[in-house]
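Q: In UniProt numbering, the protein residues as written are 1 to 143. Glycine is no exception: its CB is placed at the ideal position from the N, C-alpha and C atoms. As the structure is a prediction and not an experimental result, all values here were calculated from the model.
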């Protein structure tokens with residue numbers, strides 16, 4: 001069972017030490033659902049990440065016809081896998097419009113990630129979020 005974004009944010013508020021925060025990020029990654037091996041394809045790779053990151057997007061329609069996106073993700077690096085878990089908690093199960101309106105920088109600022117990630121990890125995180133937002137924009141144009 002993966003944590004909700006609210007749970008993650010709440011837990012970060014109680015963890016002061018960044019070494020402990022990193023451990024928590026790794027725990028979040030380990031709690032992700034198993035990623036199917038057959039989905040580790042070039043098409044599912046997120047470009048711009050130093051570590052390998054895979055993301056699968058599924059679009060369904062809500063009762064009102066809105067596009068709802070759910071995501072599966074994984075990485076070959078423990079901390080990045082935890083970042084994947086945070087990103088999925090922020091976006092998976094939401095409508096395309098909600099995804100596009102989400103201020104992910106505010107979420108990461110609240111956690112304090114921006115100041116504690118290497119530039120490579122920050123760029124990878126931006127690439128992952130951009131891929132999700134691109135998928136949400138595409139889902140809005142689909143009939």
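Whose CA, out of 5, 7, 96, 79, lies closest to the CA of residue 131?
A: Of 5, 7, 96, 79, the residue nearest in Cα terms is 96.
Q: Which parts of the UniProt domain "Fe-S metabolism associated" (10 to 134) are runs of the beta strand (DSSP E), unbroken and 3 residues or longer, counting only runs that do not cross its ends?
A: Listed in chain order, the complete beta strand (DSSP E) runs (minimum 3 residues) inside the UniProt domain "Fe-S metabolism associated" (10 to 134) are 53 to 61, 67 to 75.
Q: Any contact of the stretch 30 to 40 with the stretch 66 to 78, i.e. 3+ C-beta pairs under 8 Å?
A: Verdict: yes, contact present.
Q: Less than 6 Å between C-beta atoms, sequence neighbours within five positions excluded: which residues of the same chain meet that for residue 87?
A: Hits under 6 Å: 128.
Q: Do residue 144 and residue 80 have their CB atoms nearer than 8 Å?
A: This structure leaves residue 144 out entirely; the chain is present only between 1 and 143.
Q: Using three-state DSSP, classify residue 3 as helix, strand or coil.
A: In this structure, residue 3 counts as coil in the three-state DSSP scheme.
Q: Taking the beta carbon of residue 101 as the centre, do at least 16 other beta carbons fall within 10 Å, making it buried, or is it exposed?
A: Exposed, since its Cβ has fewer than 16 Cβ neighbours within 10 Å.
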